[in-house]
Amino acid sequence: MTYKITVRGLVQGVGFRPFIYLLAKDMGLRGTVSNSNNGVEIVVELIGLEKDIFIGRIKKEHPQAAEIHSIEIEETEETELDYGDFSIVRSASRSDEITQVAPDIAVCDDCLADRRLQTHRKNYPFINCTHCGPRFSIIRDLPYDRCRTTMADFRMCAACEKEFTDPADRRFHAQPVACNSCGPQYYIDNEENTYEEVLAKSVSAINAGKVVAIRGIGGYHLVCDAANDKAVRQLRKIKDRDTKPFAVMFANLEAMQDYVLVNEEETRNISNWRRPIVLLKTRENPAYSCSEQVNPGMKTLGCMLPYMPIHYDWFEHLQTPVIVMTSGNLNDRPIIISPEEARNELGGRADLLIHHNRPVHNRVDDSVVQVCGGQACIVRRSRGYVPEPLFTEVETEGILAFGAEKVNTFALGKGSTIIQSQYIGDLKNEETFAFYAEAMQRFCNLFRFKPRMLVCDLHPDYLSSLHAEKIAKENGLQLIRVQHHYAHAAACMLEYGLREPVLAVIWDGIGLGDDGAAWGGEFFLCDGRNYRRLAHPDYVTMPGGDRASLEPWRMAAAWLKHYDIPLPQRFTERIGKEKIAQINSMLEKNINCPLTSSIGRLFDAAASLSGVCDFTSRQAEAAILLEQIANLDCRSSYSIDSESNPISFRPLFEEIIEDLQQNVPASRISAKFHNMLIDLILSKTLQFSKQYGINKIVISGGCFQNKFLVEGLQKRFAETPLTLFVPSRIPCNDSGIAAGQLFIAANKKLISTQ
Ligand code: ZN
Ligand code: ZN
Ligand code: FE
Numbered sequence: 035m036t037y038k039i040t041v042r043g044l045v046q047g048v049g050f051r052p053f054i055y056l057l058a059k060d061m062g063l064r065g066t067v068s069n070s071n072n073g074v075e076i077v078v079e080l081i082g083l084e085k086d087i088f089i090g091r092i093k094k095e096h097p098q099a100a101e102i103h104s105i106e107i108e109e110t111e112e113t114e115l116d117y118g119d120f121s122i123v124r125s126a127s128r129s130d131e132i133t134q135v136a137p138d139i140a141v142c143d144d145c146l147a148d149r150r151l152q153t154h155r156k157n158y159p160f161i162n163c164t165h166c167g168p169r170f171s172i173i174r175d176l177p178y179d180r181c182r183t184t185m186a187d188f189r190m191c192a193a194c195e196k197e198f199t200d201p202a203d204r205r206f207h208a209q210p211v212a213c214n215s216c217g218p219q220y221y222i223d224n225e226e227n228t229y230e231e232v233l234a235k236s237v238s239a240i241n242a243g244k245v246v247a248i249r250g251i252g253g254y255h256l257v258c259d260a261a262n263d264k265a266v267r268q269l270r271k272i273k274d275r276d277t278k279p280f281a282v283m284f285a286n287l288e289a290m291q292d293y294v295l296v297n298e299e300e301t302r303n304i305s306n307w308r309r310p311i312v313l314l315k316t317r318e319n320p321a322y323s324c325s326e327q328v329n330p331g332m333k334t335l336g337c338m339l340p341y342m343p344i345h346y347d348w349f350e351h352l353q354t355p356v357i358v359m360t361s362g363n364l365n366d367r368p369i370i371i372s373p374e375e376a377r378n379e380l381g382g383r384a385d386l387l388i389h390h391n392r393p394v395h396n397r398v399d400d401s402v403v404q405v406c407g408g409q410a411c412i413v414r415r416s417r418g419y420v421p422e423p424l425f426t427e428v429e430t431e432g433i434l435a436f437g438a439e440k441v442n443t444f445a446l447g448k449g450s451t452i453i454q455s456q457y458i459g460d461l462k463n464e465e466t467f468a469f470y471a472e473a474m475q476r477f478c479n480l481f482r483f484k485p486r487m488l489v490c491d492l493h494p495d496y497l498s499s500l501h502a503e504k505i506a507k508e509n510g511l512q513l514i515r516v517q518h519h520y521a522h523a524a525a526c527m528l529e530y531g532l533r534e535p536v537l538a539v540i541w542d543g544i545g546l547g548d549d550g551a552a553w554g555g556e557f558f559l560c561d562g563r564n565y566r567r568l569a570h571p572d573y574v575t576m577p578g579g580d581r582a583s584l585e586p587w588r589m590a591a592a593w594l595k596h597y598d599i600p601l602p603q604r605f606t607e608r609i610g611k612e613k614i615a616q617i618n619s620m621l622e623k624n625i626n627c628p629l630t631s632s633i634g635r636l637f638d639a640a641a642s643l644s645g646v647c648d649f650t651s652r653q654a655e656a657a658i659l660l661e662q663i664a665n666l667d668c669r670s671s672y673s674i675d676s677e678s679n680p681i682s683f684r685p686l687f688e689e690i691i692e693d694l695q696q697n698v699p700a701s702r703i704s705a706k707f708h709n710m711l712i713d714l715i716l717s718k719t720l721q722f723s724k725q726y727g728i729n730k731i732v733i734s735g736g737c738f739q740n741k742f743l744v745e746g747l748q749k750r751f752a753e754t755p756l757t758l759f760v761p762s763r764i765p766c767n768d769s770g771i772a773a774g775q776l777f778i779a780a781n782k783k784l785i786s787t788q
């Protein structure tokens with residue numbers, strides 16, 4: 035029998051055709067394999083059991099970076115095909131084009147071995163093959179061929195060319211293939227060096243407590259010995275960053291396990307080909323110490339494993355098993371990608387500047403993942419994930435979603451897939467906004483995307499909304515606005531393919547609501563087309579507006595005033611009578627006091643009252659610190675008033691004040707606060723579930739980056755008839771907004787064309 039097998043998913047540019055070729059050879063099959071419009075097409079003769087074995091082996095043995103979405107098998111008449119055995123051919127329908135863009139892939143074990151074995155790649159730091167190496171970061175245009183990547187200027191040598199054209203070789207059609215004599219090289223700023231010199235100098239600099247800036251896959255990193263307090267302090271000074279934690283890289287899993295706790299799912303994530311940063315819990319008594327300056331006040335640490343050959347080489351020579359690896363940027367600007375910029379920005383600051391000559395076309399930061407209850411939740415989606423598409427069941431073609439404003443991403447619709455951009459950042463930063471506009475243009479070009487319908491946040495002042503408006507006007511396109519928290523809910527519905535109505539709990543910082551207030555503590559009944567707000571917390575004022583989110587004490591004062599509860603003495607002493615009087619007069623005169631239902635701001639109030647954090651330098655810091663100190667063994671909770679709507683937090687604040695008077699430690703107050711929130715979600719969703727006959731519960735919004743909260747919910751929901759859906763592949767923070775917006779626009783478009 036001859037079969038035509040179509041494999042869809044992430045199967046181009048990841049070594050899938052050579053894999054099929056070798057598999058077929060191994061099984062002694064006759065046929066062909068080619069790239070097709072939407073995947074890989076195999077035409078093959080299979081007899082009896084061979085069919086199941088062949089498909090089984092494809093599913094089981096495929097290259098690490100391939101993601102199979104579907105395998106379609108049909109019998110075909112093409113028995114007269116002109117093949118003797120098995121070959122990789124150009125597709126009949128189109129050319130042999132690779133029209134998918136794979137994410138960047140960490141160097142594979144086979145390549146690491148080749149660096150010892152192959153003479154032309156002895157210790158070569160940019161070794162790669164069809165299973166590994168840079169992809170998205172170097173792609174300028176499609177189809178994916180070397181001439182349309184930043185490898186275009188490197189002419190393959192004869193040895194590389196031979197491998198590139200041999201279907202049995204692991205480097206067959208590996209577009210970035212390179213070796214010592216023909217490929218990219220590292221060099222120290224204003225010097226000409228051998229790799230051995232670059233390695234030796236960088237190692238001795240790190241050993242000596244210096245800060246090294248080095249060009250990586252998606253941009254520059256700043257690197258130093260994580261155990262060296264002085265070096266880490268120096269790095270903080272360079273980045274002008276006070277307390278925000280740095281990510282670290284460990285030599286290997288063993289060295290990591292000596293310092294942090296790593297469970298099975300975390301190990302799987304941290305060591306897979308995407309090589310993200312994984313947020314892990316530090317051990318109580320680690321085998322060695324990192325500088326406290328790495329993650330001040332935190333019990334978690336962002337950890338990763340080596341993913342470029344030079345990382346491995348470093349750890350062979352470094353005295354330390356752990357280094358800080360942080361994005362090479364200043365003041366929240368985008369990560370630096372060019373040597374010129376690195377020289378200008380980092381030149382006088384870092385002690386050593388290392389470049390390489392393979393340009394970064396698409397900027398990608400390290401991605402960040404957190405595992406909650408055995409489920410990997412992406413916090414920042416960039417290197418190793420982008421631009422992998424999400425498959426949906428709705429037609430998305432032509433829809434462009436502009437996202438939120440902070441931790442922004444955008445997304446575009448192709449066919450029935452959604453392609454999310456890499457992590458962009460805070461658009462209020464001028465350079466970051468330029469990156470946003472440029473990346474959007476590049477995605478449109480790369481994916482041959484022509485926008486036909488635009489979608490943005492309801493907030494008219496978000497820079498993303500203004501950009502959407504401008505493009506809509508210039509091109510005469512329809513622009514849809516979607517409420518922020520509904521977009522959060524939609525992102526989670528999209529991820530799990532939920533088309534039916536669900537109950538959504540969206541707890542967040544701030545997003546503009548339909549009534550003009552700042553929402554962020556919402557219970558919705560929704561589907562892909564509409565939503566209804568079922569419940570939300572009492573509205574309170576945010577004294578000073580945006581300022582309140584950087585000064586949590588303001589929210590504490592506002593909540594207590596709301597319930598006419600006197601401020602605790604210690605709080606007043608800490609903050610000072612004058613400041614409090616100022617706020618009170620603001621509240622009384624109602625000047626710059628927008629209303630909010632945000633749970634993020636409730637976290638702020640609790641963090642300030644418990645003495646954890648009165649002032650912050652960045653969004654959500656108070657909530658993070660409050661989570662960090664929570665006593666995990668504490669089972670008690672503050673009371674909830676589950677009958678009231680809007681939800682009253684009077685019992686909560688009364689009981690916190692009582693606890694403060696009894697000198698209950700902050701760790702216990704924090705735990706009781708978290709447990710109260712879990713109780714509240716449970717009681718409300720159970721109530722609504724009965725009322726509306728819906729048992730699917732979606733959670734999203736920035737508050738659910740809180741592991742205590744999510745794991746608590748996972749445990750409690752497991753005991754109920756309700757099913758909880760936790761955002762995993764689309765971030766629950768504002769990076770997931772664009773995908774949600776796009777999903778809603780696609781559903782609304784369906785209505786309008788019906
Ligand atoms: Zn490889
Ligand atoms: Zn070569
Ligand atoms: Fe949000």
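Per the working numbering, the sequence shown starts with residue 35, numbered consecutively.
Every residue gets a Cβ at the ideal spot worked out from N, C-alpha and C, and that includes glycine.
> Cβ of Pro177 within 9 Å of Cβ of Ile122?
Replying inline: no
>> Under 5 Å, CB to any heavy atom of ligand 1. Which residues pass, going along the chain?
In response: Cys142, Cys145, Cys163, His165 and Cys166
> Using DSSP with H/G/I as helix, E/B as strand and the rest coil, what is Lys718?
Replying inline: helix
> What residues are listed by DSSP as bridge partners for Asn69?
Replying inline: Val74
> Thinking just about the alpha-carbon of each residue, which of Ile412, Asp675 and Ala641 is nearest to the one in Cys766?
Replying inline: Ile412
>> Below 8 Å, how does it come out for the stretch 179-188 and the stretch 389-397: are there three or more Cβ pairs, yes or no?
In response: yes
>> Only counting the same chain, and skipping five residues up and downstream in sequence, which positions put a Cβ closer than 8 Å to that of Pro628?
In response: Ala551, Ala552, Thr575, Met576 and Gly579
>> For a minimum of 3 consecutive residues, which ranges assigned as the beta strand (DSSP E) are wholly contained in the stretch 293-371?
In response: 311-316, 334-338 and 356-361
> Among Lys718, Ala640 and Arg270, which has the Cα closest to the Cα of Ala569?
Replying inline: Lys718
> Ser499 and Arg515: beta carbons closer than 9 Å?
Replying inline: yes
>> Between Met185 and ligand 2, is there a pair consisting of the residue's CB and a ligand heavy atom that are separated by less than 8 Å?
In response: no
> Can you tell me whether Lys611 is buried or exposed, with buried defined as 16 or more other CB within 10 angstroms of its CB?
Replying inline: exposed
> In or out: Arg588 buried (at least 16 other Cβ within 10 Å) or exposed?
Replying inline: buried
>> What I want to know is whether the C-beta of His154 ends up closer than 8 Å to one or more non-hydrogen atoms of ligand 2.
In response: yes
> Could you give the C-beta distance for Ala99 and Ile139, rounded to a whole number, given that I count them as a contact under 8 Å?
Replying inline: 5 Å
> Is the CB-CB distance between Pro755 and Ser723 below 9 Å?
Replying inline: yes
> Straight-line CA distance for Arg414 to Met342?
Replying inline: 20 Å
> Would you say the stretch 507-526 touches the stretch 744-758, given that touching needs at least three Cβ pairs under 8 Å?
Replying inline: no
> Which word fits Val141, buried or exposed, when buried means at least 16 other C-beta atoms lie within 10 angstroms of its C-beta?
Replying inline: buried
>> Buried or exposed for Phe649, going by 16 or more other Cβ atoms inside 10 Å?
In response: exposed
> If you pair each beta-carbon of the stretch 542-549 with each one of the stretch 486-495, do three or more pairs fall below 8 Å?
Replying inline: yes
> What's the call for Lys244, buried or exposed, on a 16-neighbour Cβ count within 10 Å?
Replying inline: buried
> What runs of the beta strand (DSSP E), each 3 residues or longer, lie entirely inside the stretch 613-666?
Replying inline: none
> Which of helix, strand or coil does DSSP assign to Met474?
Replying inline: helix
> Looking at the structure shown, is Ser129 part of a helix, part of a strand, or coil, going by DSSP?
Replying inline: Its pLDDT being 48, under 50, Ser129 is placed unreliably by the model, and nothing is read from it.
> Roughly how many whole angstroms lie between the Cα atoms of Arg581 and Tyr573?
Replying inline: 17 Å
> Closest by CA to Pro137, which one among Gly167, Tyr158 and Glu109?
Replying inline: Gly167
> Taking C-beta to C-beta, are Cys668 and Ala705 nearer than 9 Å?
Replying inline: yes
> Just checking, does the stretch 248-261 make contact with the stretch 351-369 on the three C-beta pairs under 8 Å criterion?
Replying inline: yes
> What are the uninterrupted segments assigned as beta strand (DSSP E) that are 3 or more residues long and contained completely in the stretch 428-510, given in chain order?
Replying inline: 433-435, 445-448, 451-454 and 487-491
> If you run the structure through DSSP and keep just helix, strand and coil, what is Tyr221?
Replying inline: strand
> How many whole angstroms separate the CB atoms of Ile715 and Leu537, which I take to be in contact at a CB cut-off of 8 Å?
Replying inline: Going by Cβ atoms, the distance from Ile715 to Leu537 rounds to 10 Å, so no, they are not a contact pair.
>> Tell me whether Ala208, by its Cβ, gets closer than 8 Å to a heavy atom of ligand 2.
In response: no
>> Taking the straight line between their C-alpha atoms, what separation do you get for Gly774 and Ile540?
In response: 13 Å
> So Asn442 packs on Gly459, CB below 8 Å; how close in whole Å?
Replying inline: 6 Å
>> Which residue marks the beginning of the beta strand (DSSP E) containing Phe605, and which one marks its end?
In response: No beta strand (DSSP E) holds Phe605; the alpha helix (DSSP H) holding it covers Gln603 to Ile609.
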